[in-house]
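The structure appears right after this line, and notes come after that.
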Amino acid sequence: MRTSYQYRIKPNKEQRQKIDNILDMLRCQYNFLLAQRFNWYQQNRCSIDSCSLVCYLPELANKPNYYNQKASLTQLKKDRPWYKQIHSQVLQEVPKKVEIAFDRWLKGDCNGEQRGLGVSPSRATANPKGKKSGRPRFKGVGRYKTFTYPQFKQHHFVGNKITLSKIGDVKVIVHRPIPDGFAIKTVSVTKKADGYYVTLSLDDKSVPTIKPDFNPDNSVGIDMGLIDFYVDSDNNRVSTPKYLRKAERKLKSAQRKVSRGRKGSNRRKKAIQRLGKQHKKVADTRKDFHFKAAKNLLNKYDVIAVEKLNIKGLARTRLAKSIHDAGWGQFLSILTNKAENAGLLVIPVKPHGTSQKCSGCGHIVKKPLSQRMHNCPVCHTSLCRDLNAAINIKNRGAHGLKAQLMSSIDESQQKPTLTRQGSVGTSPPPKLHNRSDQFITHLSGRRKTIKAIFKGLLQHTMP
Ligand SMILES: [Zn+2]
Numbered sequence: 000m001r002t003s004y005q006y007r008i009k010p011n012k013e014q015r016q017k018i019d020n021i022l023d024m025l026r027c028q029y030n031f032l033l034a035q036r037f038n039w040y041q042q043n044r045c046s047i048d049s050c051s052l053v054c055y056l057p058e059l060a061n062k063p064n065y066y067n068q069k070a071s072l073t074q075l076k077k078d079r080p081w082y083k084q085i086h087s088q089v090l091q092e093v094p095k096k097v098e099i100a101f102d103r104w105l106k107g108d109c110n111g112e113q114r115g116l117g118v119s120p121s122r123a124t125a126n127p128k129g130k131k132s133g134r135p136r137f138k139g140v141g142r143y144k145t146f147t148y149p150q151f152k153q154h155h156f157v158g159n160k161i162t163l164s165k166i167g168d169v170k171v172i173v174h175r176p177i178p179d180g181f182a183i184k185t186v187s188v189t190k191k192a193d194g195y196y197v198t199l200s201l202d203d204k205s206v207p208t209i210k211p212d213f214n215p216d217n218s219v220g221i222d223m224g225l226i227d228f229y230v231d232s233d234n235n236r237v238s239t240p241k242y243l244r245k246a247e248r249k250l251k252s253a254q255r256k257v258s259r260g261r262k263g264s265n266r267r268k269k270a271i272q273r274l275g276k277q278h279k280k281v282a283d284t285r286k287d288f289h290f291k292a293a294k295n296l297l298n299k300y301d302v303i304a305v306e307k308l309n310i311k312g313l314a315r316t317r318l319a320k321s322i323h324d325a326g327w328g329q330f331l332s333i334l335t336n337k338a339e340n341a342g343l344l345v346i347p348v349k350p351h352g353t354s355q356k357c358s359g360c361g362h363i364v365k366k367p368l369s370q371r372m373h374n375c376p377v378c379h380t381s382l383c384r385d386l387n388a389a390i391n392i393k394n395r396g397a398h399g400l401k402a403q404l405m406s407s408i409d410e411s412q413q414k415p416t417l418t419r420q421g422s423v424g425t426s427p428p429p430k431l432h433n434r435s436d437q438f439i440t441h442l443s444g445r446r447k448t449i450k451a452i453f454k455g456l457l458q459h460t461m462p
């Protein structure tokens, strides 16, 4: 099982300077390698019809890739000896980052997210085509914030001291101990608005990955909105926290102080720091709320159906600010991860028409966004609009889950037992352990009867 813990570190003045220095050097190298790739594309792509027939074609320049960019780092250290202040493996992360950013731009990726790192396989394969991300940007001063040691020796983190190569022994605030048996795999150092942090990636091979164990009947659908953060299909409402709006006045005055300051002045630098801290505070409070909301849901229910939202698209509308304020994307990823760790399930369903369809009879009732009630002319159901949508989402989730379970039964069901016994369904039913087993046997029982009917029909029709 792999997990990551983040701790605050307290480097001294000299160490702070070293970290800042390393980050800035890595930033320059990142920009250089990125420019190398852009140049190659600019110089080696031309439209064929503008070439005359008799012309000299120069040989194609070496295309920069991860390996030759990585190899160029040795020469870099010879030409610019100050790059020796950086641990070699930390420096090698830079061409990797450039490669990932470039691939995401040219080939696309699942939501433009990093492959393999922190993305569950189910989400990575959800969109095989992949969305292309924007053109990678050059990083300005202070925009390069993290570097990683891809290998770490266990004895370098003892008590409240962590030994970072080329930086020294740094004091760590261990607010919670590392769980027993976990080994530190990688260490990342991050500079945030309010200080420095290390993120330890921990691994324990002896802890098995959690197998799903849930009761499919204990399910709920949630409809995310802006008036309420979500409404579930049992009509529980959780209101949207408007942290950003409340903190907006403070943010505004902090932003004004930054804008008024003269560029490069000390006061402006301080104002920028204060603004960053204010933003971080809002983000932290929001994240805390998301964790609590996810925990509440997973304590109550085993299966949660959610809408598959196109957040990037929604955030381009007039409601952008409120949508960012609510942070649905973050909430959904927290919810999915937490459910996976608890052996529970989150099912994303298609959002199309969930608020228009009647949850009672399936009739489509068109209504504008301003109409908050759902009144069905066919079956006379009268519900709150969001509740109606939540029930629809729950039903779609249940439908999807049934299909999933059916296909898994299809794979596990052994055909020979059916043909060998001659008749179907004579074997005694297996002992039931829990309700999910019951559900599965119920389904497979139905499949068996269908097969029996087919067999009977064949016998009747065939001479
Ligand atoms: Zn109806």
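Quick note: the numbering used here has the sequence shown finishing at residue 462, numbered continuously throughout. The beta-carbon is built from N, C-alpha and C at its ideal position, and this holds for glycine as well. Since we're looking at a predicted model, the values are computed, not measured.
Counted within 10 angstroms of its Cβ, other Cβ atoms place residue i as buried (16 or more) or exposed
| i | result |
| --- | --- |
| K152 | exposed |
| G342 | exposed |
| F101 | buried |
| H432 | Confidence at H432 is low in this model, with a pLDDT of 43, below 50, so its placement is unreliable and the value that follows should be read with caution. By the 10 Å Cβ count, H432 comes out exposed. |
| S205 | exposed |
| F228 | buried |
| S354 | buried |
| V188 | buried |
| S358 | buried |
| R36 | buried |
| W81 | exposed |
| K96 | buried |
| Y40 | exposed |
| F471 | Outside the modelled stretch of the chain, which goes from 0 to 462, sits residue 471, for which no answer is possible. |
| I166 | buried |
| N387 | buried |
| T2 | exposed |
| T335 | buried |
| M223 | buried |
Contact check, residue i vs residue j, beta carbons under 8 Å
| i | j | result |
| --- | --- | --- |
| L201 | F181 | yes |
| I346 | K356 | no |
| T185 | A325 | no |
| S232 | I390 | yes |
| R395 | A304 | yes |
| R266 | G260 | yes |
| K9 | I161 | no |
| F213 | V302 | yes |
| D385 | V237 | no |
| K69 | P94 | yes |
| Q329 | H379 | no |
Distance cut-off 7 Å: residue i Cβ against heavy atoms of ligand 1
| i | result |
| --- | --- |
| G352 | no |
| C378 | yes |
| H362 | yes |
| C375 | yes |
| C357 | yes |
Member of the options whose CA lies at the smallest distance from the CA of residue i
| i | options | result |
| --- | --- | --- |
| G133 | K106, G158, H154 and G139 | K106 |
| Q16 | S87, A60, V169 and H155 | V169 |
| I85 | L297, Y148, K307 and P10 | Y148 |
| E247 | N295, S321 and N234 | S321 |
| Q5 | N295, K393, K190 and K299 | K190 |
| N309 | L296, L331, K291 and H289 | L331 |
| L296 | C383, R317, C375 and L344 | L344 |
Cβ of residue i within 8 Å of any chain D Cβ
| i | result |
| --- | --- |
| A389 | Among the chains of the structure shown, chain D does not appear; only one protein chain is present. |
Closer than 7 Å: residue i CB and nearest ligand 2 heavy atom
| i | result |
| --- | --- |
| D409 | For ligand 2, the structure offers nothing, since it holds only ligand 1. |
Evaluate contact between the region 139-154 and the region 7-25, counting only Cβ atoms and requiring at least three cross-stretch pairs below 8 Å.
yes
Validate contact between the region 209-222 and the region 191-200 using beta carbons, cut 8 Å, 3 pairs:
no
Quick test of the definition: if touching needs 3 or more C-beta pairs under 8 Å, does the region 173-180 touch the region 83-102?
no
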